Amino acid sequence: MTDDAALAGLPGTLIHDETVPARARWMHEVKAGQTLRVVDLEGNQAVDFLLYSAADDAERYSAQDTIAAQANIFLREGSVLLSNEGRPMMTIAATSVDYHDTIGGACSCESNTLRYGHHTKAQHACVDNFLDANLRAGRGKRDIVSNINFFMNVPVEADGALGIVDGISAPGLMVDLHAEMDVVVLVSNCPQINNPCNGFNPTPVRMIVVA
């Protein structure tokens, strides 16, 4: 394609290339057979991620089915993202980060208040991004399901407690997702500033689609 490092190793024709600002949402249809590359431009940026079938909004990413099928809470190269119908939606074709989170969830104004104090209630959150995008697409609050957090580090402690710790990503690292069906991808470029998932400084990410 070009000497752009973010496009290296991506075969085929460039369909879409967009930089998503810090704290912003992004929604795009990815056709079966196409590949979506998510690039962490500046490093240590969590990317909250949802999937819906482009043919039927009632079919969407299922964390429960995905975790059960692979018997692991972390997503790695080769992990298949399953729908609530048990069908493959996307496959992680490649990743330059060892693993990605499935259980940390999306930040919200309510959870910010509970965890960090009432003064954070007005801060923008991933649930706001998901709800705004879904409303524009004719979906509602009940259509926001458990999401994936790409590049986010959520270790499980020995007592079962979850941590949200400094990320394992770095500038230019990426994850490639191969679409197994026509899907609508919904992303919240996480605006969280109260924990280290974004290094307390949300930054842009790049979304690239090739066919």
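Oh and the sequence shown: position 134 is 150 in my numbering, straight run, nothing missing. For every residue, glycine included, the Cβ atom is placed at its ideal position computed from N, Cα and C. Since the structure is predicted, the reported quantities are computational estimates derived from the model, not experimental observations.
Would you mind sorting residue i into buried or exposed? The rule is 16 or more other CB atoms within 10 Å of its CB.
i    : result
R41  : buried
H135 : exposed
V36  : buried
A138 : exposed
A24  : exposed
A74  : exposed
Q61  : buried
L97  : buried
A141 : buried
Spatial neighbours of residue i within its chain, please: CB distance less than 7 Å, with the 5 preceding and 5 following residues excluded, ordered by chain position.
i    : result
G28  : V226 and A227
H194 : T51, M106, T107 and A109
A48  : A195, E196, M197 and D198
I83  : I89 and T118
Alpha carbon to alpha carbon, how far is residue j from residue i? Give it in angstroms, no decimals.
i    : j    : result
I184 : G120 : 15 Å
P187 : I180 : 20 Å
A109 : R158 : 30 Å
D198 : N163 : 18 Å
I89  : L30  : 32 Å
A22  : D56  : 10 Å
G176 : L147 : 30 Å
L258 : F166 : Not covered by the structure: residue 258. The range shown for the chain is 17 to 227.
A38  : L66  : 18 Å
N210 : N100 : 32 Å
E93  : S112 : 9 Å
D182 : E126 : 22 Å
M17  : E58  : Because M17 sits at a pLDDT of 42, beneath the cut-off of 50, its placement in the model cannot be relied upon, and the following sentence gives the value as read from the coordinates. Answer to the nearest angstrom: the Cα atoms are 22 Å apart.
R53  : H32  : 10 Å
Take residue i and list the residues in its own chain whose beta-carbon comes closer than 6 Å to its own, dropping the five residues that flank it on each side.
i    : result
N217 : none
S69  : E75
V200 : E45, Y68 and A70
Reducing DSSP to helix, strand and coil, say where residue i ends up.
i    : result
V113 : coil
F167 : coil
L147 : helix
T51  : strand
R131 : helix
D73  : coil
V31  : It is Ile, not Val, that sits at residue 31 in the sequence shown. Of the three classes helix, strand and coil, the one that applies to I31 here is strand, per DSSP.
D64  : strand
L26  : coil
N41  : It should be noted that the sequence gives Arg, not Asn, for residue 41. Strand.
I224 : strand
I83  : helix
D159 : helix
Considering only residues of the same chain and omitting the five flanking positions on each side of residue i, which have a CB-CB separation below 8 Å?
i    : result
L178 : I119, G120, V170, P171 and V172
P104 : V96, L97, L98, E196 and M197
Exercise for review: Write down every uninterrupted run of the beta strand (DSSP E) in the segment 182–212 whose length is 3 residues or greater and which is fully enclosed by it, in chain order.
Suggested key: 189–195 and 199–205
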